[in-house]
């Protein structure tokens, strides 16, 4: 809660706080609290601006929202500006605050979704308020979208709308969304990372079957043991570094700013020298295969017949089948591999009018801070939009304090965002939409 002496909150913080208070937890595999309340809240906000948003319910409670904003020059290709309203689960007992209260303290907004990504949802709304509320128009038509289900791959959100209502995105060629445009501290210098690529997503389930028996029996065909061996093999696999065009450019720029010789320091060493920024960047240099959930058994003295595990695989773009083949070799023929969700990786050149305009606008608001390309180790709804030929970038602008472990906020405990960063993001985003 804010104290009586606290300065008045910017509208961006108020909207983000309100959105955090809607528990839109997405548990995956179709299990969710739903996004309906958050979508209806945003519907009211956009309607108040004179827009005519449409609500789309792909399944009970799984609601996305889309609105079109007329620009000054509708002959230009439209720009999709999108966010998602679902969040990953939060275990309240692990947090120092209620994750769904939207607490304001220490100059920050705390709560699940504060950075992923109800902050950007709020920045989109207040940037539009600044533009439309002053009687202006964006430079080109905008497609404003708030999707459901991003945290589970978008089956009930972005992919659903792209597949069933592609006309909503007619004329759009580019998009901006989350996990880019934020600042990092490099050798005492602030720089901004623009997300121009993201890794492929391959979520798999491993299933081991064995002989069910009493827990005291001598049983070599134990499903839990066999599953554990497969999980350990995958989890301990050290995947080699492979640089793409994006990461090659980034490593070169980091070496220059950090005054490191790239001929003597390897990519990992250069990335680790960035401090907290390495939390996202290091995983972009290689494939990752992380076990995330184990399930087996129902009683201490019963050997179960079946055991299963979930593995989160993120490959470099285009390497999905190669990695899956190696994973199959690691686990052996007696473990079943099921693909739960699979989606493409993306990589876009760090050039062109939108990149130039983003760089210019950031330079006006934070002079002297360079803008660098990077590949996101996770994924966004830009994957779904790519099926329509729409090129996506991660640009949710935030000027952050050097000591904040921003990558650690994503899906982490005590997720929070500085209040002044929200104001910065609102201003930068509004200018970009006015000028581009």
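Numbering (the working numbering), first residue to last: 1 to 436. Cβ atoms here follow ideal geometry from the backbone N, Cα and C, with glycine treated the same way.
query	result
Whether or not the stretch 314-332 and the stretch 192-201 are in contact is what I'm after, with contact meaning three or more pairs of Cβ atoms, one per stretch, closer than 8 Å; do they touch?	yes
Please state whether DSSP places residue 299 in a helix, a strand or coil.	coil
Determine which residues share a DSSP beta bridge with residue 214 and list them.	302
Keeping to the same chain, check which residues put their C-beta closer than 7 Å to that of residue 89; ignore five residues upstream and five downstream.	25 and 27
Rounded to a whole number of angstroms, what is the C-alpha to C-alpha distance between residue 291 and residue 208?	15 Å
According to DSSP, is residue 15 part of a helix, a strand, or is it coil?	helix
Between 325, 407 and 248, which lies nearest to residue 178 when the distance is taken from Cα to Cα?	407
Are residue 356 and residue 154 close, meaning C-beta to C-beta below 7 Å?	no
Secondary structure at residue 5, three-state DSSP: helix, strand or coil?	Per-residue confidence for residue 5 stands at a pLDDT of 41, beneath the threshold of 50, marking its modelled position as unreliable; no derived number is given.
Leaving out five residues before and five after residue 370 in sequence, what residues of the same chain have Cβ atoms less than 6 Å from its Cβ?	191
I'd like to know whether the C-beta atoms of residue 235 and residue 221 end up nearer to each other than 7 Å.	no
If you scan the stretch 112-136 from start to end, which runs of the alpha helix (DSSP H) of 4 or more residues do you find wholly inside it?	118-133
Would you mind stating whether residue 140 and residue 71 have Cβ atoms separated by less than 7 Å?	yes
From the DSSP output, which residues share a beta bridge with residue 203?	312 and 341
Under the assumption that residue 426 contacts residue 378 (Cβ atoms under 8 Å), give the Cβ distance between them as a whole number of angstroms.	Not a contact, Cβ separation roughly 24 Å.
Just to confirm before moving on: does the CB-CB distance between residue 405 and residue 95 stay below 7 Å?	no
What separation, rounded to the nearest whole angstrom, lies between the Cα atoms of residue 212 and residue 328?	25 Å
Following the continuous beta strand (DSSP E) through residue 144, name the residue where it begins and the one where it ends.	142-147
Alpha carbon to alpha carbon, how far is residue 73 from residue 280?	37 Å
For residue 104, is the classification buried or exposed, using 16 other Cβ atoms within 10 angstroms of its Cβ as the cut-off for buried?	buried
For residue 243, name the three-state secondary structure that DSSP assigns.	coil
Quick one: residues in its chain with C-beta nearer than 7 Å to the C-beta of residue 52, no 5 flanking neighbours on either side, listed in chain order?	67
For residue 173 and residue 390, which I take to be in contact (beta-carbon distance under 8 Å), what is that distance rounded to the nearest angstrom?	6 Å
Locate the beta strand (DSSP E) running through residue 105, then write down its first and last residues.	103-105
Within 10 Å of its beta-carbon, does residue 349 have 16 or more other beta-carbons around it, so buried, or fewer, so exposed?	exposed
At which residues does the alpha helix (DSSP H) containing residue 391 begin and terminate?	Unbroken run through residue 391 is the beta strand (DSSP E), 391-394; no alpha helix (DSSP H).
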